[in-house]
Amino acid sequence: MKKLINDPADVVSEALRGIALAHPDHVRVDHENRIVYRKDAPRSGKVGLISGGGSGHEPMHGGFVGPGMLDAACAGEVFTSPVPEQMMAATKEVDGGAGVLHIVKNYTGDVMNFEMAAELAAAEAGTEVLSVVTDDDVAVQDSLYTAGRRGVGVTVLLEKIVGAAAEEGRPLREVADLATKVNAQGRSMGMALTSCTVPAAGKPTFELAENEMEVGIGIHGEPGRQRLPLAPAKDVAALLVDPVLQDLPYQQGDSVIAFVNGMGGTPLIELYVMYNEVRQLLDAAGITVARSLVGNYITSLEMAGCSVTLLKVDDELVRLWDAPVNTPGLRWGA
Amino acid sequence: MGVDDFANWLRDLAGTLHDNAAYLTELDSAIGDADHGSNMDRGFQAVVAVLDETTFESVDELLKKAGMTLVSKVGGASGPLYGTFFLRFGTALAGVEVSAATVGEALRAGVGGILARGKAEVGDKTMYDAWAPALSAYDEAVAGGSDLRGALVAAAEAAAKGRDETVPLIARKGRASYLGERSSGHQDPGATSTTLLLESAARTLG
Numbered sequence: 001m002k003k004l005i006n007d008p009a010d011v012v013s014e015a016l017r018g019i020a021l022a023h024p025d026h027v028r029v030d031h032e033n034r035i036v037y038r039k040d041a042p043r044s045g046k047v048g049l050i051s052g053g054g055s056g057h058e059p060m061h062g063g064f065v066g067p068g069m070l071d072a073a074c075a076g077e078v079f080t081s082p083v084p085e086q087m088m089a090a091t092k093e094v095d096g097g098a099g100v101l102h103i104v105k106n107y108t109g110d111v112m113n114f115e116m117a118a119e120l121a122a123a124e125a126g127t128e129v130l131s132v133v134t135d136d137d138v139a140v141q142d143s144l145y146t147a148g149r150r151g152v153g154v155t156v157l158l159e160k161i162v163g164a165a166a167e168e169g170r171p172l173r174e175v176a177d178l179a180t181k182v183n184a185q186g187r188s189m190g191m192a193l194t195s196c197t198v199p200a201a202g203k204p205t206f207e208l209a210e211n212e213m214e215v216g217i218g219i220h221g222e223p224g225r226q227r228l229p230l231a232p233a234k235d236v237a238a239l240l241v242d243p244v245l246q247d248l249p250y251q252q253g254d255s256v257i258a259f260v261n262g263m264g265g266t267p268l269i270e271l272y273v274m275y276n277e278v279r280q281l282l283d284a285a286g287i288t289v290a291r292s293l294v295g296n297y298i299t300s301l302e303m304a305g306c307s308v309t310l311l312k313v314d315d316e317l318v319r320l321w322d323a324p325v326n327t328p329g330l331r332w333g334a
Numbered sequence: 001m002g003v004d005d006f007a008n009w010l011r012d013l014a015g016t017l018h019d020n021a022a023y024l025t026e027l028d029s030a031i032g033d034a035d036h037g038s039n040m041d042r043g044f045q046a047v048v049a050v051l052d053e054t055t056f057e058s059v060d061e062l063l064k065k066a067g068m069t070l071v072s073k074v075g076g077a078s079g080p081l082y083g084t085f086f087l088r089f090g091t092a093l094a095g096v097e098v099s100a101a102t103v104g105e106a107l108r109a110g111v112g113g114i115l116a117r118g119k120a121e122v123g124d125k126t127m128y129d130a131w132a133p134a135l136s137a138y139d140e141a142v143a144g145g146s147d148l149r150g151a152l153v154a155a156a157e158a159a160a161k162g163r164d165e166t167v168p169l170i171a172r173k174g175r176a177s178y179l180g181e182r183s184s185g186h187q188d189p190g191a192t193s194t195t196l197l198l199e200s201a202a203r204t205l206g
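Sequences listed follow chains A and B, in order. Just so you know, the first sequence maps onto residues 1 to 334 in the working numbering. Just so you know, the second sequence maps onto residues 1 to 206 in the working numbering.
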């Protein structure tokens, strides 16, 4: 393992110290509970938005805390969900009287811990909590025989759009319904060229030969469903876009936000090569791209690879997407 | 059988999980996200720290505290699952004399907590594939007149068999389920840590 760390056990707490020092205008950090707060939280009368999950996906979620997006992000250990105590503390802290929405990615541990936290917050402080679980990964078969689809790229787009709605002062139920709608209209698929190395494990989670790629990966180094010979970007784009387009299904004339996300170890030049290919496929399918996002937003440590997310949008979603946002990881109009 | 015995069990289990942390993580790398060993190790080191600084009056108090500690330190799925197990296991032993029969009932209550959180069935390739045969073997041993230790030994042996039988299964719960057929051929990390837990109990209790 070759990493810029001190002790694997200290990676998360030291990174949180770095975040606090690097972004004092955006956030404050509760180091004991490992929570990144919007600097001015709680906001009176505004629905509190909380997300969180394992660390190692930076800038998600701590990088999305700030005006226009999240009120708090709970950081777990690397690839391990946070614990109910953290989420409880965050829930109580950001409740400005309008209730709190938990944005949870569909992984067994995240769902269980957030469920326990919501039960405890309601019982202890009477906080009204609703939850939305993102599950946009088309690589996973959604059936009785799986834990359901993973929450991946749509989570970023959802946090932005729902963050804008909460900022407008909409009530909790409306914000939660919007979150459910965004999740339902988004689909994603990812691929890896290399594995990542979890610091505590010290070695790559899986091995890929020089001429192989893994298609349908998640964001935790969990291997994908298929291992294929390495192909040119054009073919990889088709492998990702086709199943996404077919799944909703997206129709000719649909308008989308197109999101090409890097897994942490792929340079932007390659992500733009991918975006070029994705865009040609969408043009050919008659899909209009209303807005786009290209970069490393929901990563998997230093894994090389990318994911493609499409979110079907209407005028209202585009307007909320364009609304000002001011966070360490996403910023415009502010 | 009292507080000290259960504390010894938790200490023995913490040591066992520490020694097996790399092994559990390796199993988890194959079908999960490579953190089961480090998570269990971190959680049980925290339990040992609690044992070092607190004196417990009763078995249920001790076990409930262990459960709360796991919930608040482990995260992932293992935290709520093992945490809930110890919470309910402890609660069931409140105010009752520890015997082969009462521990059997408490084990069943603890595993009921795991099922309430995880909603797993036999064959899903989870820790329940070790727990289910372990509970049956335990009850059978008690019905046959076995004492606590004998019942725990029987439970640990059945758990080990259940653990081994997870190898060919296709996972239907947790992150391993994302792999579909590719999860087959790998031993389940949760069933493995459950077996370690019961083997440790058989060594130290009764």
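Ideal placement from N, C-alpha and C gives every residue a C-beta, glycine not left out.
query, result
"Jot down the residue ranges of each uninterrupted alpha helix (DSSP H) in the segment 2–90 of chain A, minimum 4 residues, whole runs only, in chain order.", "11–22"
"Would a check of beta-carbon distances place M116 of chain A closer than 8 Å to chain B?", "yes"
"Leaving out the 5 sequence neighbours to the left and right, which residues in its chain are closer than 7 Å to V283 of chain B when beta-carbon positions are compared?", "Residue 283 of chain B is absent from the model: chain B starts at 1 and stops at 206."
"Could you tell me the alpha carbon to alpha carbon distance between L196 of chain B and G95 of chain B, rounded to whole angstroms?", "28 Å"
"Going by beta-carbon coordinates alone, are D122 of chain A and V111 of chain A separated by less than 8 Å?", "It should be pointed out that residue 122 of chain A corresponds to Ala in this sequence rather than to Asp. Not in contact: A122 of chain A and V111 of chain A (Cβ atoms no closer than 8 Å)."
"Who are E212 of chain A's beta bridge partners in DSSP?", "A:P229"
"Ordered along the chain, which non-local residues of its own chain (more than five positions away) have a Cβ less than 6 Å from that of V182 of chain A?", "L158, I161"
"Using a Cβ-Cβ cut-off of less than 7 Å, give me the residues of the segment 76–98 of chain B that come near chain A, in sequence order.", "G76, A77, G79, P80"
"Is D164 of chain B helix, strand or coil when you go by DSSP?", "helix"
"For A125 of chain A, count neighbouring Cβ atoms within 10 angstroms of its own Cβ and tell me buried if that reaches 16, exposed if not.", "exposed"
"Is K125 of chain B buried or exposed, if buried means 16 or more other CB atoms sit within 10 Å of its CB?", "buried"
"List in chain order: all unbroken alpha helix (DSSP H) runs of 4+ residues lying wholly within the segment 136–198 of chain A.", "154–167, 172–184"
"Is it the case that the Cβ atoms of R187 of chain A and L248 of chain A are separated by a distance below 8 Å?", "yes"
"For S44 of chain A, tell me which candidate among A:V65, A:D95, A:G148 has the shortest Cα-Cα distance.", "A:D95"
"Output yes if chain A places a C-beta closer than 8 Å to the C-beta of T25 of chain B; else output no.", "yes"
"Mind listing the chain B neighbours of R34 of chain A? Cutoff is C-beta to C-beta under 9 Å, in chain order.", "Within chain B, no residue comes near R34 of chain A; the closest Cβ sits about 10 Å away, beyond 9 Å."
"Rounded to a whole number of angstroms, what is the C-alpha to C-alpha distance between V27 of chain A and G76 of chain A?", "18 Å"
"Quick one: list the residues of chain A neighbouring D35 of chain B, beta-carbon separation under 9 Å, in chain order.", "G54, E77, V78, F79, T80, V198, A200, A201, H220"
"Just grab the DSSP bridge partners of M303 of chain A for me.", "A:G264"
"In the DSSP output, which residue or residues are listed as bridge partners for V129 of chain A?", "A:V100"
"Which two residues bound the contiguous alpha helix (DSSP H) that contains S58 of chain B?", "No alpha helix (DSSP H) contains S58 of chain B, which DSSP labels as neither H nor E."
"Could you list the residues in the segment 169–196 of chain B with a C-beta less than 9 Å from some C-beta on chain A, going in chain order?", "I170, A171, R172, K173, G174, R175, A176, S177, Y178, L179, G180, E181, R182"
"What do you get for T222 of chain B, buried or exposed, if any count of 16 or more other CB atoms within 10 angstroms of its CB means buried?", "A question about residue 222 of chain B goes unanswered here, because the residues of chain B that appear run from 1 up to 206."
"Within the same chain, show all residues whose beta-carbon is closer than 7 Å to that of A49 of chain B, passing over the 5 residues directly before and after it, in chain order.", "none"
"If we cut at 8 Å on Cβ distances, does E85 of chain A have a partner in chain B?", "yes"
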